[in-house]
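Asker:
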Ligand code: AQP
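Residue numbers (the numbering used here): 99 to 423.
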């Protein structure tokens, strides 16, 4: 049976890039695979965090998993830090990964911007991610395109461990959607939408109020052509909005192009804002219901027990293979 693992960092407000690129797939996958969905809070400290806020955001992400429709009866939802095996596996795998491999990681280069005053954790973070995945023998990992390189590294580490120590690990495949794998920033469609970008109008978060969503879409960068056409190279802003609209409404991009022939950007943006609000409203209502409830604590407790049992077993196999008492 297919086994799926994926995680989201509680580094800020979850945006529609995280949702359309990765989390929306989680909901579909829970019906066809054994799924583990993790709040990867240990990853967050690769860049400075306010500890109090991190605790809140960790619970926010867990509540959002439930609010978007992940059913804890079908999938295991857990918080990474509640399972010590993740940090332990990371150390063991750091002794398998190569510095040359980590030096090639694009995300490290982008986030460190050449500075040496960044944490060592930012550099070794892809190894922690490899541990997250390999501990659960995941066959498939739904991620956005920005994580593709880290997945390739995970495969390389697993293959090396299997060859040098013992055949323990399953080699995972990335699951990257055709549309939505890279949702771009609204105010700069050359850059990916991100939790940590500074522009107040760069992303739409899953918990934004309707009025703010309208405002953000209204201000989204397009071009002067006033023609709703999908052409990512020459019309990156409009193409990005078309991808978002298509994923949120279920209409294909060609259907949308036909629908807005001759209509101009004003109507297109107005309807996209409406579709976004409509899609997010039930998620927001459910989030408010769950966020402060003891139900959330129960889900995380059961999730940690279930995931912990799987992770501990794999960690023991790793230690045995490596001769660790
Ligand atoms: N713009 C995006 N389009 C599509 N998918 C995306 N993902 C992130 N940004 C986009 C996917 O969302 C999942 C969770 O991401 P993460 O929490 O691991 O953090 P990240 O990849 O570093 O994303 P952010 O939002 O840009 O966070 P910060 O600002 O903290 O770095 C992943 O599957 C990711 O691919």
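In this text, a Cβ means the ideal position worked out from N, Cα and C, and glycines have one as well.
Among 290, 234 and 382, which one has its Cα closest to the Cα of residue 208?
Answerer: Answer by Cα proximity: 290.
Asker: Tell me the rounded alpha-carbon separation between residue 370 and residue 276.
Answerer: In a straight line, the C-alpha of residue 370 is about 20 Å away from that of residue 276.
Asker: For residue 154, which option in 420, 108 and 239 has the closest C-alpha, if you only look at C-alpha atoms?
Answerer: Nearest option by C-alpha distance: 108.
Asker: For a test of your reading of the model: does the CB of residue 412 fall under 7 Å from any non-hydrogen atom of ligand 1? Yes or no.
Answerer: Residue 412: no, Cβ never under 7 Å from ligand 1.
Asker: Quick check: is any heavy atom of ligand 1 less than 7 Å from the C-beta of residue 245?
Answerer: Result yes, Cβ under 7 Å from ligand 1.
Asker: Return the bridge partner residues of residue 175 from the DSSP annotation.
Answerer: Answer by DSSP bridge pairing, in chain order: 135.
Asker: At a cut-off of 7 Å, would you count residue 123 as near ligand 1, judging by its Cβ distance to the nearest heavy atom?
Answerer: Checking the Cβ of residue 123 against ligand 1 gives no.
Asker: Give me the DSSP bridge partner(s) of residue 290.
Answerer: Answer is 282.
Asker: For the beta strand (DSSP E) containing residue 273, list its first residue and its last residue.
Answerer: Run containing residue 273: 271-273, per the beta strand (DSSP E) assignment.
Asker: Starting from residue 240, trace the beta strand (DSSP E) in both directions and tell me its first and last residue.
Answerer: From DSSP, the beta strand (DSSP E) with residue 240 extends over 238-240.
Asker: Kindly list the residues whose CB is nearer than 7 Å to the CB of residue 382, restricted to its own chain and excluding five residues on each side of it in sequence; keep chain order.
Answerer: Cβ neighbours of residue 382 beyond the five flanking positions: 305.
Asker: Compute every distance between the C-beta of residue 416 and the non-hydrogen atoms of ligand 1, then say whether any falls below 7 Å.
Answerer: No, the beta carbon of residue 416 sits no closer than 7 Å to any heavy atom of ligand 1.
Asker: Kindly indicate which three-state DSSP category residue 216 falls into: helix, strand or coil?
Answerer: If DSSP states are grouped into helix, strand and coil, residue 216 belongs with coil.
Asker: Could you tell me whether the segment 245-252 touches the segment 223-233, where touching means 3 or more Cβ pairs closer than 8 Å?
Answerer: Contact between the segment 245-252 and the segment 223-233 is present, because at least three Cβ pairs lie under 8 Å.
Asker: Answer yes or no: the CB of residue 113 versus the heavy atoms of ligand 1, is any distance below 7 Å?
Answerer: Within the cutoff, so yes.
Asker: So, with DSSP's three-state summary, where would you put residue 319?
Answerer: Coil.
Asker: Taking the alpha carbon of residue 181 as the point to measure from, which residue in 419, 218, 160 and 402 has its own alpha carbon closest?
Answerer: Out of 419, 218, 160 and 402, 402 has the C-alpha closest to the C-alpha of residue 181.
Asker: Hey, is residue 281 close to ligand 1, as in C-beta under 7 Å from one of its heavy atoms?
Answerer: Yes, since a heavy atom of ligand 1 falls inside the 7 Å radius drawn around the Cβ of residue 281.
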